[in-house]
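Working notes for the structure below.
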Amino acid sequence: MKPLDHKNLDLDVPYFADVVSTTENVAVYIWESLQKFLPVGVLYKVKVYETDNNIVAYKGE
């Protein structure tokens with residue numbers, strides 16, 4: 003996602019001006035951004051990998 007690529011999330015992405023830039027919130031941001039462009043029901047899950055052992059999965063809950 004270009005809006006996040008090589009950015010300081012807290013300074014360069016308006017969404018994170020009022021939201022803490024945790025991995026969980028990055029997953030929510032990606033979900034909300036993608037959902038705008040996809041038909042309802044197509045997007046199932048967003049996974050954000052911090053490391054091989056730290057992964058966040060978000061299903062729009």
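All residue numbers for the sequence shown refer to this note's numbering, where the first residue is 3 and numbers rise by one.
The beta carbon of each residue, even a glycine, is placed where N, CA and C say it ideally should be.
Residue nearest to GLU63 in terms of C-alpha spacing, selected from LYS9, PHE18, LEU45, SER23: Here residue 63 refers to the residue found at position 61 of the sequence shown. Of LYS9, PHE18, LEU45, SER23, the residue nearest in Cα terms is LEU45.
Close beta carbons around VAL66, own chain, < 6 Å, minus the five adjacent residues each side: Since the displayed the chain opens at 3 and closes at 63, residue 66 lies outside it and no answer follows.
Whole-angstrom distance between ALA19 and LEU65, CA atom to CA atom: A question about residue 65 goes unanswered here, because the residues of the chain that appear run from 3 up to 63.
Sequence-distant residues of its chain with Cβ nearer than 6 Å to VAL21 (five each side left out): Here residue 21 corresponds to residue number 19 of the sequence shown, with the count starting at 1. Excluding sequence neighbours, VAL21 sits near ASN27.
As assigned by DSSP and simplified to three states, the class of ALA47: Locating residue 47 in the sequence shown gives position 45, where the first residue counts as 1. One point to set straight first is that residue 47 is Lys, not Ala, in the sequence displayed. Three-state result, LYS47: coil.
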